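Enquirer:
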Amino acid sequence: MKARASSVYATEEERTLARLEGGALLAEIRHRQSDYLNAIKGEPPHDRLTDIAATFERLVDQLEQVSRIP
9 MKARASSVYA TEEERTLARL EGGALLAEIR HRQSDYLNAI KGEPPHDRLT
59 DIAATFERLV DQLEQVSRIP
């Protein structure tokens, strides 16, 4: 998706579509991240839970980059 959004070989329509798809996926990931955080609320700290939270953050960061590519 990132390659398509920033490709000089893609048409403007393809780049725009890739950014929109990235934005839609970002919204879905944020929603699932919120569900996850609510589900673990009150749980004692655990490495696995921390790893999953970090994975959500990395995914959100990457998708934000895709949706902002000019």
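My numbering applies: residue 9 is where the sequence shown begins, and numbers increase by one. Note that the Cβ used here is the ideal one computed from N, Cα and C, for glycine as well. Fair warning: this is a prediction, and the values are worked out from it, not measured in the lab.
Taking buried to mean at least 16 other C-beta atoms within 10 Å of its own C-beta, is V74 buried or exposed?
Expert: buried
Enquirer: For my contact list, L34 and I48 are in at a C-beta cut-off of 8 Å; report their separation, rounded to the angstrom.
Expert: Incorrect: roughly 21 Å between the Cβ atoms, too far for contact.
Enquirer: In chain order, what residues of the same chain have a beta carbon less than 8 Å from the beta carbon of L67, not counting five sequence neighbours either side?
Expert: Scanning its chain for C-beta atoms nearer than 8 Å, with the 5 sequence neighbours on each side dropped, one finds around L67 the residues I37, in chain order.
Enquirer: Would you call G30 buried or exposed, if buried means 16 or more other Cβ atoms sit within 10 Å of its Cβ?
Expert: buried
Enquirer: Can you list, in chain order, the residues of its chain with a C-beta nearer than 8 Å to that of R40? Leave out the 5 residues immediately preceding and following it.
Expert: F64
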